[in-house]
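>
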Amino acid sequence: MPIPRRTLLTGSTAGAAAAAVASAGSAEAAGRSTVAASPLLQRTPSRIGVPGVAGLHLQFGADPATEMTVSWISPQSVRRPRVHLGSPDGGSGHAVDAETRTYRDELSRKEVYVHHARLTGLRPDTTYLYSAGHDGAAQETGSFTTAPRGRCAFTFTSFGDQGTPNLRRSLKWPTPDTPPPLGPFPLYTSTQGGTEASGDIVAAVERVGPLFNLVNGDLCYAGVAGAIGEDRVATWADWFIGNSRSARLRPWARLRPWMPCVGNGETEKGNGPLGLTGYQTYFTLPGAATATDAETRGLWYAFTVGGVRFISLANDDVAIVDAGDIYLRGYSGGAQRRWLERELKAARADTGIDWIVVFMHHPMISSHRSGGSDLGVRQEWGPLFDAYGVDLVLCGHEHYYERSLPVRGSLPNDVRTPVPVSTRTDVADTSKGTVHMIIGGGGNFATTQDDLFEEPKGRVVVQVGKEPEGRHRKPVYVTEDAPWRAVQDRVHPHGFAAFDVDPGTRGTGRTRMQVTYYTFDGPYGELTPVDTFTLERPRADARR
């Protein structure tokens, strides 16, 4: 039996409820017992030699109001992976078998097993407890809340470029020629550029308590780890396990869906024709079950929560810059663009959809002196964003925070500079223009908040060399005036954005999003607001 969404589970109550789910699930697996299990019953430890349940994470199904996927990883094959769905009142619930998907990493030759249990027929706007396990392993517990059906107030969060705070990479420090007893000695660092903030952001976002989180690409930098000789499989495992077992507050990824988009850091040479087999194995994303092209399955998708349509794009397909393990520009042959136009057209024709939010990795706006926005993304997707009135575009890739004024159309120049429709920075009417946000300070160590143009300028990559120089083709940039620039954070290296959706009423005819960009400090995720503004637009049903 589910519980109302607003019910708060804290302290020993939540722990006892979770134990009840695990014990109820075990009874049901043995014979579908309907006897309420004791919340005092403790779970059984894993058998020696059997891998435990690791890296629990959640993804919405095709209908977030009634579907959820529970996933976890294991380093070897297991028997009978399954999820038991229950409730905190000790009810017996029911079991759902998990599908296991696997791949072999080309560099390490390690086999990876990922188990996905698709839960369907759930109640909208309802919190469920669950436990995940397989034969011989102790069950791990979590909870989730389904999305509301129809217009409703809710909160979501977003950031990109996280990394992991692992210490797997061994360097010699100070230097090999430093005389004893000063050195050299092993210095352990992250394998792929993460920091303590890569872990602290988990606790920070939990203070907001969103319904779900959008991860704007470059999740753990597995591709980067492989390029410097580190273990890509271990890097993925560090990311999932670290995000799901945070001891600082609560294990966030097992409580709230993480809805990703693919970034250049996810491409892993040798792992499939696009280098994205790992990403596609770890996640089961909306629409993936019915996808007809296995090569691109799950790389772009859409889902609806309340009156908001969310669209995840894979923009290495159109980006000019060469930044991944494999140069992927044009791999879909235009299929993703055609899909995107169909999605946008359908969303704008739906009177139940007020907002369209796109999240992707490479940005269309950037004031970074050493990086920049991408002309390919502007050319391919900018006209569609304008034609169908996309409200908000969330990106990562650049490791700092910035947002644009609402923009519509472009200047008739070689880089298609976006044109602002308003100069206000406190309120934006997104029915008149799209607001772009870079939220790339999710934990990466290579932050760039101190490398921004002071004047309204930006850089745009317009082409790359024909052949790689080292790992990548050398980019060619053009500097542009940036009339679109609104707000930058030049001080704080890390942060995330929270979006409070207010559906309004048909009588008022308006709906709003209150947006706050937070920085955070320390292992308990102490929050400091940095930027606050409001997005607003007419409700779709008010226009008819």
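Under mature numbering (1 follows the signal peptide of the UniProt record, and there is no 0), the residues of the sequence shown are numbered -29 to -1, 1 to 515, in order. Where a beta carbon is used, it is the ideal one built from N, C-alpha and C, also for glycine.
With H, G and I counted as helix, E and B as strand and the rest as coil, what does DSSP make of A118?
A118 falls in the coil class under three-state DSSP.
> Give the DSSP-derived three-state secondary structure of D502 in the structure shown.
Here D502 sits in strand by DSSP.
> Check whether the stretch 474 to 488 and the stretch 379 to 394 are in contact - that is, three or more C-beta pairs closer than 8 Å.
Judged by Cβ distances under 8 Å, the stretch 474 to 488 makes no contact with the stretch 379 to 394, as fewer than three pairs qualify.
> Identify every run of the alpha helix (DSSP H) within the stretch 300 to 325, keeping only runs that are complete inside it and at least 4 residues long; order them along the chain.
Taking only runs of at least 4 residues, the alpha helix (DSSP H) segments lying wholly in the stretch 300 to 325 are 306 to 320.
> Three-state secondary structure (DSSP) at V435?
In this structure, V435 counts as strand in the three-state DSSP scheme.
> Please report the distance separating the alpha-carbon of V433 from that of G236.
Their backbone Cα atoms lie some 21 Å apart in a straight line.
> Please classify residue 519 as buried or exposed, where buried requires at least 16 neighbouring CB atoms within 10 angstroms.
Absent from the structure is residue 519, since the part of the chain shown begins at -29 and ends at 515.
> According to the neighbour-count rule (16 or more other Cβ atoms, all chains shown, within 10 Å of its Cβ), is D385 buried or exposed?
Its Cβ having fewer than 16 others within 10 Å, D385 is exposed.
> Within 10 Å of its beta-carbon, does L382 have 16 or more other beta-carbons around it, so buried, or fewer, so exposed?
Exposed, since its Cβ has fewer than 16 Cβ neighbours within 10 Å.
> For S442, tell me which candidate among L355, R53 and G197 has the shortest Cα-Cα distance.
According to the sequence as given, residue 442 is Arg; it is not Ser. Closest option to R442, Cα to Cα, is G197.
> Spatial neighbours of V449 within its chain, please: C-beta separation below 6 Å, excluding the five flanking residues on both sides.
Excluding positions up to five away in sequence, the list reads V386, V431 and V433.
> Determine the burial state of E314: buried for a count of at least 16 other Cβ atoms within 10 Å of its Cβ, exposed for fewer.
E314 comes out buried.
> Could you check the C-alpha separation between G412 and S102 for me, to the nearest Å?
Rounded to whole angstroms, G412 to S102 spans 32 Å at the Cα level.
> With respect to the alpha helix (DSSP H) encompassing N214, which residues constitute its N-terminal and C-terminal limits?
N214 -> alpha helix (DSSP H) spans R203 to S215.
> Is N286 helix, strand or coil when you go by DSSP?
In the structure shown, N286 sits in a helix (DSSP, three-state: H, G or I).
> Between the Cα of K403 and those of D106, G360 and D202, spot the shortest distance and give me the residue it belongs to.
Among D106, G360 and D202, the Cα nearest to that of K403 is on G360.
> Using 9 Å as the limit for Cβ to Cβ distance, is D287 near chain D?
Of the protein chains in the structure, only one exists, and it is not chain D.
> Count the other CB atoms, across all protein chains shown, that sit within 10 Å of the CB of R461; report buried if there are 16 or more and exposed otherwise.
Under this definition R461 is an exposed residue.
> Using a 10 Å radius around the Cβ and a threshold of 16 neighbouring Cβ atoms, would you call S217 buried or exposed?
Interpretation of S217 is limited by its pLDDT of 49, a score under 50 that renders its predicted location unreliable; no figure is taken from the coordinates.
> Taking the DSSP output, what are the residues bridged to F416?
F416 pairs with nothing; no bridge assigned.
> Tell me the rounded alpha-carbon separation between S337 and E373.
Whole-angstrom Cα-Cα distance: 8 Å.
> Is the beta carbon of G347 closer than 9 Å to that of V292?
In contact: V292 and G347 (Cβ atoms closer than 9 Å).
> Opposite N184 in the DSSP bridges: which residues?
In DSSP, N184 forms a bridge with T128 and W229.
> By Cβ distance below 6 Å, which residues in the same chain neighbour V54 in space, the five residues on each side in sequence not counted?
If we look at V54 and ignore the five residues flanking it on each side, its Cβ neighbours are V41, V67, A88, Y101 and A103.
> Under the three-state reduction of DSSP, which class applies to G249: helix, strand or coil?
Here G249 sits in helix by DSSP.
> Between which residues of its own chain and E312 is the CB-CB distance below 7 Å, once the five residues before and five after are set aside?
The answer, listed in chain order, is L355.
> Compute the Euclidean distance between the alpha carbons of G475 and E167, then round it to the nearest angstrom.
Answer to the nearest angstrom: the Cα atoms are 39 Å apart.
> Who are the near neighbours of F274 in its chain, counting only those whose CB is closer than 6 Å to its CB and skipping five residues on each side?
Counting only Cβ-Cβ distances below 6 Å, and skipping sequence neighbours, we find F31, P35, P257 and F281.
> Is G436 near the ligand NAD, judged by its Cβ being under 8 Å from some heavy atom?
Although the ligand NAD was asked about, the structure shown includes no ligands whatsoever.
> Which of helix, strand or coil does DSSP assign to D171?
Note: D171 maps to helix in three-state DSSP.
> Compute the beta-carbon to beta-carbon distance between H370 and T419, rounded to the nearest angstrom, for a pair I have assumed lies under 8 Å.
Right, their Cβ atoms sit about 5 Å apart.
> Mind checking R199: buried by the 16 CB within 10 Å criterion, or exposed?
Reading the sequence as shown, one finds Ile at residue 199 and not Arg. With fewer than 16 Cβ atoms within 10 Å of its Cβ, I199 is classed as exposed.
> For W43, collect the residues of the same chain with a Cβ closer than 7 Å to its Cβ; drop the 5 residues on either side in sequence, then sort them by chain order.
If we look at W43 and ignore the five residues flanking it on each side, its Cβ neighbours are V24, A25, G26, L27, H86 and A103.
> Quick check: A399 and T503, are their CB atoms within less than 9 Å of each other?
Going by C-beta atoms, A399 is not nearer than 9 Å to T503.
> Taking the Cβ atom as the reference point for each residue, do T97 and V176 lie within a distance shorter than 9 Å?
No, these two residues do not count as a Cβ contact at 9 Å.
> For P46, which residues of its own chain have a beta-carbon under 6 Å away from its beta-carbon, when the five flanking residues on both sides are left out?
Excluding residues within five positions, the ones whose Cβ falls inside 6 Å are P22.
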